[in-house]
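Protein chains in written order, with the numbering used here: chain A, 12 to 513; chain B, 2 to 177. Virtual Cβ for every residue (Gly too), placed ideally from N, Cα, C.
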Amino acid sequence: MLYQPFVTNYYDFKVVRDQDRCIKCQGCVTQCSYDANFWDNDRQMIDSIHSKCIGCHRCEAYCPTDAISIQRNPSQFRENGYWSKEDIKNIYLNAETGAIVVTGMGNDLQSQPVYFDRILFDACQVTNPSIDPLREPMELTTYIGNRGRKLSDTKAKKTGLIRLDVPVMFGPMSYGSINLSVQKALAASAREHGTLWSTGEGGLHSDLYEYGPNTIVQVASGRFGVHEEYLKAGAMIEIKIGQGAKPGIGGHLPGEKVVDDVSRTRMIPVGSDAISPAPHHDIYSIEDLRQLIYALKEAIRYEKPVGVKVSAVHNIAAIASGIARAGADIIVVDGYRGGTGATPLIVRDHTGIPIELAIAVVDERLRQEGIRENVGLVAAGGIRSAADTLKAIGLGADAVYISTAALIAVGCTLCQQCHTGRCAWGITTNDSYLSKRQNPEIAAELISNLLGAWEIEMKEVLGSMGINAIESLRGNRERLRAVGMTESEMQVLGLKQAGLGM
Amino acid sequence: MKRVYPVEEYCVACHLCEVACIVEHSKSKNLFYAFSEKPKVNSKIEVEMEGPISFSASCRICEHAECVEACPVAAMWRDDETGLVKVEDDRCIGCWMCIMACPQGSITPRQDHDEGLRIADKCDLCPGRENGPACVEACPNNALVYEDRDKFAKDRRTLKGSMHIFIESDDTAIQE
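See the structure below:
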C-alpha cells in the first residue's frame, strides 16, 4: 500500500512458497517477467510481491522442488450476486487511470453460453455399423476453395483448391504479436501435417518464405508487409476485415515493439507505431471488396484462392452471402471467443456472436442461395478440441482455424497478459530475453503432437458415427443433437433436441 | 571429444542445470538433501546473465588446459584416454592457482572450514551416468547440448586455446 494506490492490495493471486522445500536456486526469480519473485539477500531467502503476480504459473512450472503454488488470494470482496469482482476491479482501474481496460486472449465470460458443449454426436448401434479407424481407412483430407467453378470460366479454372490433410489450420497471429520462434514452429508443424498456417497482418519474415506452400498470407487494413513476392509466396491470400475478439476494432502495435526485424517485415520505419485502421479505407461496400479481391487475384494471375476473414456479427449470413458473390473463394468466420494480442475488454467480452451460431446460419444461407459450393467455409475463434472441430464441421464448416489451442500447446496458461509484451512463456513477446523461452524445434514438436493427437481423436469419433471421411460430416447436422437449448437456439443451429430420432 | 555446449539463443536462465549438477554430485542424490549436505556441494556449471544474454557455462576442456599447467602439485591432470581434465581431490592443496589460470572461470573453490575441506572443483561430465551429463538432461529448452564438435573445429584450430599462441602439436612443444 505504501506509495501505491489502494487498489494494489486487491490482488488476485498469491505466490505461496513452501520455504522448507525451497532450495534457493532462484529459478523462479529469473523466470518471473513481472518481477513478482525476488531474492532477499539480507534474509537469504526468496520472497514474492503478490500484487505483481498475474497467475501465469511460469515459476510453479519451473520450480524443481515443487515448492511454489500459485493460489487465489483468499481475501475477496464481500459477495455480491450482481457486482462481480471483475466489475468492481474494472471500475477501480477506470477511475484510477481514466483509461479503457485493455486485455489479451478471448472472451472468458462464463455467463455466456458455449453451444459446443451443448451439442452431442450420434453413434452407430445395431442398425448401422461403426468403423474401427485402426483397421479401416479413414479420410481426414478435405479441400477448401471454389468447388463450383464452371468449365467455361477460364480464369476461375486456374485457381486450384487447397488440399488439407487435416481440417485444422493455424489461425492468423502476426509477427509482432507473437515472435518469430512461435511462427517458425507453427509453419513447421503445418508443413509436417499438410495444412496451413497464417502470417497474420504483420508480413512474412524472410526466414519463413521456405514455408510458402503452407502459408496463408494476410492482407489487412494496415497493408503491412504486403508486396508482390509476399502475395505470391503463400498458398492462399486472406483479406482480413475483422477479428473475432475485436469486431470493428483496428490494431495498434506500439512503436517500441517495432524493432529492426519487425520494421523490415512490416515495411515501416523502426520505432513508428503500426496502426491498423478499423475499416479498410478502400472497402465501404461489397462492390469495393470485390475490387480488392480481383486486384489481388490479378496480382497473382488467378493462381491461388483469395479468402475473406470476417468476425461473427449479427448480420453475418447476409455479409457472407455478399462476400461469396464478391468473388471470394474462402470465407473465414471468426467467433467472439477468439483470442487477440490486445483488445479493449469491453469489446472482447460484449461484441460479436458465438461461432457455432454464425457457422450454422452462414452455411444455411449459402445453401439456400445455391452458392455454398462456390466458397470454402472456415470456422475460427474458440476451437478448443477435436470435438469442437468436428462439431463446427457438422454445422457446416469445411475446416477450422486454431490459434489459442496451438499457443496452449507451447506453454500458454491463458493469463491474458499478451498486451503487456511481458509473456513469461516467451510467446507473445519480442523481448530478446523472454522470446528465447520458445525453442522453435521443441515448440514445433509440441504443436505437431497436438495435431497428430487431434487427428486420432477425430478418426475415433468419425468411426463411432460410421463415417469414413470428414467430408461426409460437413453440414451433416442430422448426426448432431442439442441438449439444454431453447427452441429458437436449436432453430438457428438447425439441430434437433437430443432424444428425437430421425 | 564430446563436450557440453551452451546454446545462448535458447537459454532461459532457469538454473535447472545447476540444480541437476548439485544433485548429481551429492552423496545422497536426493533433491532436498543435496542442498543441505555437509560438506556443501558446488554446482560445476553456472548460468551467466547480463541483460538479454544468458547461457550456462561449464569447463570447456581446453585443448591447451591452463589449469593443468598452473597446478603445482599435478592434482589437475588430463586423462589421455578420454581427453578429460580432472581434479585429484587427495592431491589438491587448495592454492587456487587453477582458478586464477582458468580463462573463463569454470573452476570453483569447494571449501568447508569445519570439515577441513579445501579443493578445486570442476565439471567431470558426470562419469558413468546413463543419459549423459545431468545438466543437459535437465535443460527444459535444449539450451545445453552434449556433442562432439571437434570435426568442425579442425579448420579453425589456431583460433582456439588461450592466451598462448596455439602450436600444432602437444603441450611439450610449447615448453620447449
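- The C-beta of V42 of chain B comes no closer than 7 Å to any C-beta of chain A.
- At a cut-off of 7 Å between C-beta atoms, A75 of chain B does not count as an interface residue with respect to chain A.
- A distance below 7 Å separates the beta carbons of V42 of chain B and H26 of chain B.
- When CB distances to chain A are screened at a threshold of 7 Å, the residues of the segment 2-35 of chain B falling below it are E10, Y11, C12, V13, A14, C15, H16, L17, E19, V20, L32, F33, in chain order.
- Ranked by Cα distance from S185 of chain A, the options A:G510, A:G352, A:R488, A:A391 are led by A:G352.
- Look at L131 of chain A here: in three-state DSSP terms it is strand.
- From the listed residues A:C67, A:A410, A:D51, A:N52, the smallest Cα separation to V26 of chain A is found for A:C67.
- Non-local C-beta neighbours of G214 of chain A in its own chain, meaning closer than 6 Å and more than five positions away in sequence, comprise F235, G236, T276, R277, ordered along the chain.
- Interface criterion not met: the Cβ of P134 of chain B is under 7 Å from no Cβ in chain A.
- Within chain B, H16, E19, V20 have C-beta atoms less than 7 Å from the C-beta of C36 of chain A, given in sequence order.
- The CB of P53 of chain B comes closer than 7 Å to the CB of S443, Y444 in chain A, given here in chain order.
- DSSP lists A:G262 as the beta-bridge partner residues of S287 of chain A.
- Around the Cβ of A110 of chain A, a 10 Å sphere holds fewer than 16 other Cβ atoms; the residue is exposed.
- Among the residues facing chain B, Y73 of chain A is included, as its CB has a counterpart in that chain under 7 Å away.
- For Q82 of chain A, the three-state secondary structure derived from DSSP is strand.
- Per DSSP, the continuous beta strand (DSSP E) segment holding G318 of chain A begins and ends at 317-322.
- The residue among B:Q105, B:A14, B:S107, B:G117 with its C-alpha nearest the C-alpha of I94 of chain B is B:G117.
- Between V343 of chain A and V389 of chain A, the CB-CB gap stays under 7 Å.
- R174 of chain A carries a strand assignment under DSSP once its states are collapsed to helix, strand and coil.
- Residues Y347, R348, R359, D360 of the same chain have their beta carbon placed closer than 6 Å to that of N118 of chain A, with the five preceding and five following residues left out of the count.
- Assignment of alpha helix (DSSP H) within the segment 20-78 of chain A, counting only whole runs of 4 or more residues, yields 38-42, 69-73 in chain order.
- Looking at A:L473, A:V503, A:V421, the one whose alpha-carbon comes closest to that of S192 of chain A is A:V421.
- Look at W208 of chain A here: in three-state DSSP terms it is strand.
- Using a 10 angstroms sphere on the CB of A75 of chain B, the tally of other CB atoms stays under 16, which defines it as exposed.
- Counting every other CB atom within 10 Å of its CB across the protein chains shown gives N48 of chain A a total of 16 or more, marking it as buried.
- Residue range 3-7 is occupied by the beta strand (DSSP E) that includes P7 of chain B.
- The C-alpha of G432 of chain A is placed about 7 Å away from the C-alpha of N441 of chain A.
- If you check the CB distance, V88 of chain B and A121 of chain B come in under 7 Å.
- In the DSSP assignment, S55 of chain B falls within the unbroken beta strand (DSSP E) covering 54-58.
- For T138 of chain A, the number of other beta carbons within 10 angstroms of its own is below 16, and it is reported as exposed.
- Nothing from the segment 240-274 of chain A brings a Cβ to less than 9 Å from some Cβ of chain B.
- Where E19 of chain B is concerned, there is no enclosing beta strand (DSSP E), although the alpha helix (DSSP H) around it starts and stops at 17-25.
- Distance from the CA atom of P75 of chain A to the CA atom of I155 of chain A, rounded to whole angstroms, is 47 Å.
- The beta carbon of K96 of chain A is closer than 8 Å to those of Q87, F88 in its chain, skipping five residues each way along the sequence.
- Counting every other CB atom within 10 Å of its CB across the protein chains shown gives Q123 of chain A a total below 16, marking it as exposed.
- Residue-level contact by beta carbon fails for R54 of chain A and chain B, as no gap is shorter than 7 Å.
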